[in-house]
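In this note's numbering, the protein residues as written are 1 to 219.
The beta carbon of each residue, even a glycine, is placed where N, CA and C say it ideally should be.
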Amino acid sequence: MVVSTLRRSLHIVALTMGAAVIAASATPASARPHHGSGHHAHRSHGGHHYARTHHHRRSFARQSRWERGVARMQVEGVADAQASLMMPGTASEGMGMSGGGYGGDSSVVSAARSFIGGGNPTGRRSLWCARFMNMVLERTGHRGTGSDMARSFASYGQRVSGPQVGAIAVMSRRGGGHVGVVSGVDAQGNPIVISGNNGNRVRESAVSRGRVYAYVMPN
1 MVVSTLRRSL HIVALTMGAA VIAASATPAS ARPHHGSGHH AHRSHGGHHY
51 ARTHHHRRSF ARQSRWERGV ARMQVEGVAD AQASLMMPGT ASEGMGMSGG
101 GYGGDSSVVS AARSFIGGGN PTGRRSLWCA RFMNMVLERT GHRGTGSDMA
151 RSFASYGQRV SGPQVGAIAV MSRRGGGHVG VVSGVDAQGN PIVISGNNGN
201 RVRESAVSRG RVYAYVMPN
């Protein structure tokens, strides 16, 4: 009888333990500790933080490019504004030109420029810069000096203190003087002059301001 009772007790214990195992295995997944989910949340948060940082960096880069572009446009705008102050069509290709020297007779400049690139239009074989200057003055309704000497223009017209568009520049030159009409001023402050007998042609070129000893406005 004791043996039978012991067997029943062992059977009950076995059934109880089996039920406990089954209950444990049937526990919902939501009731289990989510160690992996915490790690996943941390990774997700890190990913969002990286995305925000990357977005801010791209925005800053775009803003920097925009600011640089604005600065470049501002600089270019200043250059364009300076260019708009230049005398139209008064400098040959490749010459820098400032806007100084307003108030001259542009008709004299235009008339002189119409001969650029051509040969000697005066008929005088040598030292014809003064002859050319007188010819241009007469064609534009001005009275010239009537002399073939460049220095004759130093005592002609109205003396002005510096280069002005339409003024006549009287220059020193080895072997004699030289004369021409000012069409502009370059970035270094040198007058740009259209003159005859410049390389035996009519040319427009910058002249060292130290060579000019007189500027006069036509009569």
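> Taking all protein chains shown into account, do 16 or more other C-beta atoms lie within 10 angstroms of the C-beta of Val212, making it buried, or fewer, making it exposed?
Replying inline: buried
> Which of the three DSSP states, helix, strand or coil, is assigned to Met221?
Replying inline: A query on residue 221 cannot be resolved here, the shown segment of the chain reaching from 1 to 219 and no further.
> Can you tell me the Cα-Cα spacing of Gly146 and Phe132, whole angstroms?
Replying inline: 11 Å
> Smallest Cα separation from Asn197: which of Ser106, Met135, Asn120?
Replying inline: Asn120
>> Check for me: the alpha helix (DSSP H) holding Ser126 runs from which residue to which?
In response: Ser126 -> no alpha helix (DSSP H), and no H or E assigned at all.
>> Considering only the alpha carbon of each residue, which of Asn190, Val202, Gly210 lies closest to Arg173?
In response: Gly210
> Can you list, in chain order, the residues of its chain whose CB lies under 8 Å from that of Leu137, leaving out five sequence neighbours each side?
Replying inline: Val108, Arg143, Gly144, Pro218
> Would Gln179 pass as a contact of Val170 if the rule is Cβ separation under 8 Å?
Replying inline: Checking the sequence shown, residue 179 turns out to be Val, not Gln. Yes.
> Terminal residues of the continuous beta strand (DSSP E) containing Val170?
Replying inline: 168-173
> Can you tell me the Cα-Cα spacing of Glu204 and Ile194, whole angstroms?
Replying inline: 4 Å
> Can you name the start and end residues of the beta strand (DSSP E) that Ala206 belongs to?
Replying inline: 203-206
> What are the start and end residues of the alpha helix (DSSP H) that includes Ala112?
Replying inline: 106-113
> Quick one: does Arg174 have its CB under 8 Å from some CB of chain B?
Replying inline: Going by chain labels, chain B is absent from the structure shown, which holds only one protein chain.
> Just how far apart, CA to CA, sit Tyr156 and Gly141?
Replying inline: 15 Å
> Is DSSP giving Arg159 helix, strand or coil here?
Replying inline: strand
> Going by alpha carbons, who is nearest to Ala187 out of Met135, Val216, Val207, Gly166?
Replying inline: Val207
> Under a Cβ-count criterion, where at least 16 other Cβ atoms within 10 Å of its own Cβ denotes burial, should Ala214 be classed as buried or exposed?
Replying inline: buried
>> If contacts are defined as beta-carbon pairs under 8 Å, then Ala111 and Arg139 qualify, I think. What distance do you get, rounded to the angstrom?
In response: 5 Å
> Taking the continuous beta strand (DSSP E) assigned at Ile116, which residues delimit it?
Replying inline: It is not in any beta strand (DSSP E) - Ile116 carries neither H nor E in the DSSP assignment.
> In chain order, what residues of the same chain have a beta carbon less than 8 Å from the beta carbon of Trp128, not counting five sequence neighbours either side?
Replying inline: Asn120, Thr122, Asp148, Gly196, Asn197
>> Just to confirm, is the Cβ distance from Val182 to Val165 under 8 Å?
In response: yes
>> Give me, in chain order, the residues of the same chain whose beta-carbon lies closer than 7 Å to that of Phe115; leave out the 5 immediate sequence neighbours on both sides.
In response: Pro121, Val202
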